[in-house]
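Colleague:
2 protein chains.
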Amino acid sequence: MAVENASGRALRVGIAGLGTVGVGVVRLLAENRDILLQHCPWPIEVTAVSARDRRKNRDVDLSKFDWCDDPVALADHPKVDVVVEVIGGSGGAAKALIERAIAKGKHVVTANKALLAEHGTALARSAEQAGVALAYEAAVAGGIPIIKSMREGLAANRIEHVYGILNGTCNYILTQMRETGREFADVLAEAQQLGYAEADPSFDVDGIDAAHKLSILTAVAFGCEVDFAGIKISGIRNVSAMDIEYASELGYRIKLLGLSRLIDQGAERRIEQRVHACMVPQNALIAKVDGVYNAVVTQGNFVGQNVAIGRGAGQGPTASAVVSDLMDIARGRILPAFSAPADTLKKIPAAPEGSHVGPFYIRTMVVDRPGVIAEVAAIMRDENVSLESMIQRARSPGDRVPVVFTTHETSQAQVSRVVQKLGKVSAVVEPPHVMSIEQLS
Amino acid sequence: MAVENASGRALRVGIAGLGTVGVGVVRLLAENRDILLQHCPWPIEVTAVSARDRRKNRDVDLSKFDWCDDPVALADHPKVDVVVEVIGGSGGAAKALIERAIAKGKHVVTANKALLAEHGTALARSAEQAGVALAYEAAVAGGIPIIKSMREGLAANRIEHVYGILNGTCNYILTQMRETGREFADVLAEAQQLGYAEADPSFDVDGIDAAHKLSILTAVAFGCEVDFAGIKISGIRNVSAMDIEYASELGYRIKLLGLSRLIDQGAERRIEQRVHACMVPQNALIAKVDGVYNAVVTQGNFVGQNVAIGRGAGQGPTASAVVSDLMDIARGRILPAFSAPADTLKKIPAAPEGSHVGPFYIRTMVVDRPGVIAEVAAIMRDENVSLESMIQRARSPGDRVPVVFTTHETSQAQVSRVVQKLGKVSAVVEPPHVMSIEQLS
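If you read the sequences in order, they're chains H and E. For the first sequence, the positions run 1 to 441 when UniProt numbering is used. For the second sequence, the positions run 1 to 441 when UniProt numbering is used.
1) What does N32(H) reach in chain E if we use C-beta pairs closer than 8 angstroms?
2) What in chain E is Cβ-close to R269(H), meaning under 8 angstroms?
3) Apply the 10 Å Cβ neighbour rule to N306(E) and answer buried if 16 or more other Cβ atoms are within range, or exposed otherwise.
4) Would T344(H) count as contacting chain E if we go by Cβ distances under 7 angstroms?
5) For D81(H), count the other beta carbons within 10 Å of its own beta carbon; 16 or more makes it buried, fewer makes it exposed. Which is it?
6) How long is the line joining the alpha carbons of G314(H) and V296(H), rounded to whole angstroms?
7) Nearest-angstrom Cα distance between V429(E) and P359(E)?
8) Output needed for R52(E): all residues of its chain with C-beta closer than 6 angstroms, excluding positions within five of it in sequence on either side, in chain order.
9) Which whole runs of the beta strand (DSSP E) in the UniProt domain "ACT" (361-436) of chain E are 3 residues long or more, in chain order?
10) Roughly how far, in whole angstroms, is the beta-carbon of G354(E) from the beta-carbon of S411(E), given that I think they are within contact range, below 8 angstroms?
11) Does the Cβ-Cβ distance between I329(H) and H107(H) come in under 7 angstroms?
12) So K148(H) contacts chain E; which residues on that side make the cut at Cβ distance below 9 angstroms?
13) For a test of the three-state rule: what should DSSP assign to C224(H), helix, strand or coil?
14) Since S320(H) meets chain E, which of its residues come closer than 8 angstroms, beta carbon to beta carbon?
15) Could you say if the segment 315-324 of chain E and the segment 149-161 of chain H meet the contact criterion of at least three C-beta pairs nearer than 8 angstroms?
16) If I'm right that A124(H) touches L134(H) with Cβ under 8 angstroms, what's the distance once you round it to whole angstroms?
17) Taking the beta carbon of G235(E) as the centre, do at least 16 other beta carbons fall within 10 Å, making it buried, or is it exposed?
18) Going along the chain, which residues of the segment 267-292 of chain H sit with their C-beta nearer than 9 angstroms to a C-beta in chain E?
19) Report the residue from A319(E), A342(E), S386(E) whose alpha carbon sits nearest the alpha carbon of G19(E).
20) Which chain E residues sit within Cβ distance under 8 angstroms of G310(H)?
21) Per DSSP, M279(H) is paired with what?
22) Chain H partners of G316(E), CB-CB under 7 angstroms?
23) Using CA atoms only, rank isn't needed, just tell me which of E118(H), D70(H), A111(H), T121(H) is closest to R100(H).
24) Where does I233(E) fall in DSSP's three states?
25) Tell whether a beta-carbon distance below 7 angstroms holds between L37(H) and A284(H).
26) Note down, in chain order, each residue of its chain lying with its Cβ closer than 6 angstroms to the Cβ of E45(E), except the 5 sequence neighbours on either side.
27) What span of residues does the alpha helix (DSSP H) with E353(E) cover, start to end?
28) With DSSP as the reference, identify every bridge partner of Y293(E), one or two as the case may be.
29) Give every residue of the same chain whose Cβ lies closer than 7 angstroms to the Cβ of G423(H), excluding the five residues on either side of it in the sequence, and list them in chain order.
30) Less than 7 angstroms between CB atoms is the rule here; does V132(H) satisfy it with respect to chain E?
31) Which value, in whole angstroms, describes the spacing of the CA atoms of E198(E) and Y172(E)?
32) Return the CA-CA distance between I391(H) and P317(H), expressed in angstroms with no decimal places.
33) Would you give the residue range spanned by the alpha helix (DSSP H) that I98(E) belongs to?
34) Quick one: complete alpha helix (DSSP H) runs, 4+ long, within the segment 99-178 of chain E?
35) Just checking: is the beta-carbon of H39(H) within a distance shorter than 7 angstroms of some beta-carbon in chain E?
36) Are there 16 or more other CB atoms within 10 angstroms of the CB of A229(H), so buried, or fewer, so exposed?
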């Protein structure tokens, strides 16, 4: 499994993409050179790079590297043993480069969660057949070595579930909303100014980025094929300052979580994957992970609960993850991408829509008039939804007032029917806002 | 690096010690057999075992394993490729077995922190020379894959410091003391009844077990030789219910931490290793790690802060760690024990006694009479110790009352001089209790 190269004296790296991450990798390899030399059997050297604009000032010395205008050319470059793909995107140049590199028998290190979410299983299979690494520690949870932990450190366990805060932008926005009482749009605009959110924020705030990462964690956790399409995804646009206040009052925090669970009923196995804003008990460890930090919680049948927390994005953490993959390759440590060989990855069907069962938070806005609460409560009763608590305040006849319910264990399908019926009640003046309550510890 | 064995069809394991951990390994290998088969190139099979009492009922089927009365015989057993040493102790049979196994070219997996703390560097060197693994994930922080995280996942970083809750017994006792207001001796007795503390608790409550683990983390973090003797160690026997109350009042929690830091002043490099009870801000993540959980926090120059939390002991977590090491060996993944080759491990001197600088908590018990506070305050002033706060309460002339000070940045040496002088003040009726305040985030 050792790396072969012409000189035999270095692991030679070609980097495709010189944005924040690519430049971070160049910087790390230079600044921590002594550390790497102590730990690796041979030096890790950048030999070639590719990016869109050759003249852009990137504050690092690129003069010693060969320049390829076409990133795919890195796969054919004679002085490249490993391709680092940090271009991004689920197709285009990134995909072409990785496929070409594998075809040429070169190792691949990537930070590209979108690509793995869409094409992970197929790429893992090709890499295995070619005997090369497809490594992607940087794709999930930034600097947290969670892929290594799950694929190796916790690999002896039957994983029961995995969940986490997988998107730093959303976590930053929700933290700011809670700390300042401001609304989503306002905090998003500020996050964009500060560079914590993209100009087009939808990949982050609509939960897609978190879902990409969750699909990868799921495959590693359960030894199954990547199933991004099987994830139920929603984001944080609908979380209001009012919900955050109610969450605090009820003893919860609101987090965007990705949650994945194996439902094993004998012959019937299903995977439930969800990405959405939800309430978690304010004393749960994950409730305390704020700002741009990510966290991943795994539950294994022998190890119990493990929690890993760290920076989810940014130049330093991502470069740390990319170079740890390069070190694994230099050390001859190559495993199947999703831990189990691609041919053994199971196809486990997604749990059917609406099957999730748990407590829920339902906030309605009603015109306060006699009989409204009775009408709403009757709908809950008719759908067999058992209430755990109700909050109504600031009543003054004719006002629009929020009425908040929390339920005992209820299926998502029941809650959906309740919401549909509530929409037909004339006193209910806007669509109810629903969030699951996750009783995490 | 692949494992060689006669049959070529299995990784054959000999387990020395059939206490909680050894039995856990047997159970895990049986119960999670399907998981292991999916992830490993060949089965991991126990072939031989050794323990003191052959007839003891251990609730697992041992009938298919060869029995060795002498654990060291496992090293010579023809059907053993890997020895799992879970006897414990820094010498005796454990040491003899490991040395013999290495000499016979067999891999070693151990949970023995005492042995590695005392003899780690030498054993690492022999294992490397013999080309075998010396793996010990279970020795530090139980089920948390912290050795793998640091040795591989965060290996690209210059580690600045590492600290953690490394002893679950102490953390359980301190958590109980806080939650119930009871005194140490009382809670310890209960923990012993519940099996959370040993009959002879001194390894745990005096900080020695945590120091064993810290010495190993330090070697991995800084690429240096294991230096257990260089650790300043104290435990939790002196923590009183009163200190815990004051900690809460001041916004802190009391934790037994192991802390290790590289002090790099150009040519002058020192390592500061400390194990002691200390105060941490109650909003720091580590303050929220309660009960039998362990936590390790690392700070790397690129990755920033990483936190790993999990169960620090017990059958399941320890077996999970041992088997993850076995899987690494089965997968042909063998690294130098402390990540860097033994010959490159640096000898970095310990920071001199008393050199630690930070804020401190000092609690004195005084007889309340006019002028006492002035006298005590004058001692602080004379030693240039700058006070951050003072708490004195429940005064009634002639009473014994606690007087609590917290200081600004002060050296341990200054604080020691203050304590010495306080001991000579007649109104100070018992030795002052001192704890460092660690401003962690």
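Even for Gly, the Cβ is constructed at its ideal location relative to N, Cα and C. Since the model is a prediction, treat every value here as computed from it, not as a measurement.
Modeller: Put simply:
1) Working through the first sequence from its first residue, we reach residue 32(H) at position 32. Correct list: A156, N157, R158, N301, F302.
2) The count along the first sequence starts at 1 and reaches residue 269(H) at position 269. Chain-order list of chain E residues neighbouring R269(H): empty, with the shortest C-beta distance near 13 angstroms, by a criterion of under 8 angstroms.
3) For the purposes of this step, residue 306(E) is taken as residue 306 along the second sequence, with counting starting at 1. The residue in question, N306(E), is buried, as its Cβ has 16 or more Cβ neighbours within 10 Å.
4) Against the first sequence, residue 344(H) aligns to sequence position 344. For T344(H), the answer is yes, since a Cβ of chain E falls inside 7 angstroms of its Cβ.
5) As a first step, residue 81(H) must be located in the first sequence, where it is residue number 81. With a 10 Å radius around the Cβ and a threshold of 16 neighbouring Cβ atoms, D81(H) comes out buried.
6) By one-based count along the first sequence, residue 314(H) stands at place 314. By one-based count along the first sequence, residue 296(H) stands at place 296. Cα to Cα, G314(H) sits roughly 18 angstroms from V296(H).
7) Position 429 of the second sequence, counted from the start, is the residue given in the question as residue 429(E). Position 359 of the second sequence, counted from the start, is the residue given in the question as residue 359(E). Looking at the backbone, the Cα of V429(E) and that of P359(E) are separated by about 24 angstroms.
8) The sequence position of residue 52(E) within the second sequence is 52, counting from 1. Cβ contact annotation for R52(E) (same chain, cutoff 6 angstroms, sequence separation greater than five): none.
9) Counting only runs of 3 or more, we get 387-392, 400-407.
10) Along the second sequence, read from residue 1 onward, the residue named residue 354(E) stands at position 354. Along the second sequence, read from residue 1 onward, the residue named residue 411(E) stands at position 411. Indeed, because the Cβ distance is near 6 angstroms, the residues count as touching under 8 angstroms.
11) Locating residue 329(H) in the first sequence gives position 329, where the first residue counts as 1. Locating residue 107(H) in the first sequence gives position 107, where the first residue counts as 1. Yes.
12) Numbered from 1 along the first sequence, position 148 holds the residue referred to as residue 148(H). Neighbourhood of K148(H) in chain E, by CB distance below 9 angstroms: P145, K148, S149, E152, G153, in chain order.
13) By one-based count along the first sequence, residue 224(H) stands at place 224. It is a strand residue.
14) Looking up residue 320(H) in the first sequence gives position 320. Residues of chain E with a Cβ closer than 8 angstroms to the Cβ of S320(H) are, in chain order, L154, A156, N157, G300, F302, V303.
15) Taking 8 angstroms as the limit for Cβ pairs, the verdict is that the segment 149-161 of chain H does touch the segment 315-324 of chain E.
16) As a working note, residue 124(H) is residue 124 in the first sequence. As a working note, residue 134(H) is residue 134 in the first sequence. With a beta-carbon spacing of about 6 angstroms, A124(H) and L134(H) fall inside the 8 angstroms limit used to define contacts.
17) Taking the first residue of the second sequence as 1, we reach residue 235(E) at position 235. Residue burial is scored here from C-beta neighbours: G235(E) has at least 16 other C-beta atoms within 10 angstroms and is therefore classed as buried.
18) Within the segment 267-292 of chain H, the residues whose Cβ lies closer than 9 angstroms to some Cβ of chain E are N283, L285, K288, V289, listed in chain order.
19) Within the second sequence, the letter at position 19 stands for residue 19(E). Taking only the C-alpha atoms, the option nearest G19(E) is A319(E).
20) Along the first sequence, one-based indexing puts residue 310(H) at 310. Close partners of G310(H) in chain E (Cβ separation under 8 angstroms): V303, G304, Q305, N306, V307.
21) Counting from one through the first sequence, the residue named residue 279(H) turns up at place 279. According to DSSP, which records beta bridges pairwise, M279(H) is partnered with I254(H), I437(H).
22) As a working note, residue 316(E) is residue 316 in the second sequence. Chain-ordered, the chain H residues with CB closer than 7 angstroms to the CB of G316(E) read F302, V303, G304.
23) If you number the first sequence from 1, residue 100(H) lands on position 100. Relative to the Cα of R100(H), the nearest Cα in the group E118(H), D70(H), A111(H), T121(H) belongs to D70(H).
24) Translated into the one-based positions of the second sequence, residue 233(E) becomes position 233. For I233(E), the secondary structure class from DSSP, reduced to helix, strand or coil, is strand.
25) Looking up residue 37(H) in the first sequence gives position 37. Looking up residue 284(H) in the first sequence gives position 284. Not closer than 7 angstroms, so no.
26) Translated into the one-based positions of the second sequence, residue 45(E) becomes position 45. For E45(E), the CB contacts under 6 angstroms within the same chain, skipping 5 residues up- and downstream, are A10, R12 in chain order.
27) Indexing the second sequence from 1 puts residue 353(E) at position 353. Per DSSP, E353(E) lies in no alpha helix (DSSP H) segment and is marked neither H nor E.
28) Reading the second sequence from its first residue, position 293 is the one you call residue 293(E). Paired residue(s): R311(E).
29) Taking the first residue of the first sequence as position 1, residue 423(H) is located at position 423. Here the set comprises P431.
30) Translated into the one-based positions of the first sequence, residue 132(H) becomes position 132. Closer than 7 angstroms: no.
31) The count along the second sequence starts at 1 and reaches residue 198(E) at position 198. The count along the second sequence starts at 1 and reaches residue 172(E) at position 172. Approximately 13 angstroms, taken between the alpha carbons.
32) In the first sequence, the residue the question calls residue 391(H) occupies position 391. In the first sequence, the residue the question calls residue 317(H) occupies position 317. One C-alpha to the other measures close to 43 angstroms.
33) As a position in the second sequence, residue 98(E) is number 98, starting the count at 1. It spans 92-103 - the alpha helix (DSSP H) in which I98(E) sits, taken as one unbroken run.
34) Counting only unbroken stretches of 4 or more residues, the alpha helix (DSSP H) elements lying wholly within the segment 99-178 of chain E are 113-130, in sequence order.
35) Counting from 1 along the first sequence, the entry for residue 39(H) is found at position 39. For H39(H), the answer is yes, since a Cβ of chain E falls inside 7 angstroms of its Cβ.
36) Walking along the first sequence from the start, residue 229(H) turns up at place 229. So A229(H) ends up on the exposed side.
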